[in-house]
Amino acid sequence: RKPALEALLDLALIHGLEVMPVGVVRMLSGALALESGLAATAAEGLARLLLQNRLGQEKEAMDLLQGLLLLYLHPAAGEDAHLRQCLAYFLPVYAHGEEAAHGELLAACLIPCLRALLITSGTFTGPVMSRMISQLLYW
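Under the numbering used here, the first residue of the sequence shown carries the number 1332, and numbering increases by one thereafter.
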């Protein structure tokens, strides 16, 4: 499954998602689930797609960016070093890169991500939650 996902992500990076079959974005976001075993591969590929502006619609980009943000902040993500390293590098680079639209898209994701974090705040302690919120605001 991992080589197939890598090949699909490489094709999307070269040709864009416009040439892919309908439902590919949904499948890619499904691969972000930690229990799939493919979260690190999916996150790395989606981060590359976002950095290269290869996602067709802004709505898709926003949904995937929210998924990556929430995945980065999820407590179980800390167990996957590759995933953690990939997202720890990608998110600040994306936010502070040369394209202003990236920072604007990340800013648009902020409120939905904060809302989702507050809903699941039972899994986070107070200091952890405040650190995550301040990190989101910095980006």
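By construction, the Cβ of each residue, glycine as well, lies at the ideal position given by its N, Cα and C atoms.
- Collapsing the DSSP output to three states places Asp-1411 in coil.
- Between Ala-1362 and Leu-1336, the beta carbon gap of about 6 Å places them in contact (Cβ cut-off 8 Å).
- Cβ neighbours of Leu-1340 within its own chain (closer than 6 Å, five residues either side excluded): Gly-1376.
- The residues Leu-1339, Ala-1343, Leu-1348, in chain order, have a CB closer than 8 Å to that of Val-1355 in the same chain once the five nearest residues on each side in sequence are set aside.
- Its Cα nearest to that of Gln-1466, the residue Cys-1444 stands out among Cys-1444, Thr-1451, Ile-1450.
- Secondary structure at Leu-1395: helix, using DSSP grouped into helix, strand and coil.
- The continuous alpha helix (DSSP H) containing Glu-1435 extends over residues 1431–1450.
- Gly-1361: member of the alpha helix (DSSP H) spanning 1355–1361, first to last residue.
- Two segments are said to touch when three or more pairs of C-beta atoms, one from each, lie closer than 8 Å; by this definition the segment 1378–1385 touches the segment 1417–1426.
- If the five residues before and after Gly-1409 are omitted, its C-beta is found closer than 7 Å to the C-beta atoms of Arg-1415, all from its own chain and listed in chain order.
- If you look at Arg-1379, you'll find it in the alpha helix (DSSP H) that goes 1370–1382.
- Residue state for Arg-1462 is assigned as helix, using DSSP reduced to three classes.
- Taking Asp-1411 as the centre and dropping the five residues before and after it, the same chain places the C-beta of Leu-1365, Ala-1370, Ala-1371 closer than 8 Å to its C-beta, in chain order.
- Per the coordinates, the alpha-carbon of Ala-1426 lies some 31 Å from the alpha-carbon of Arg-1332.
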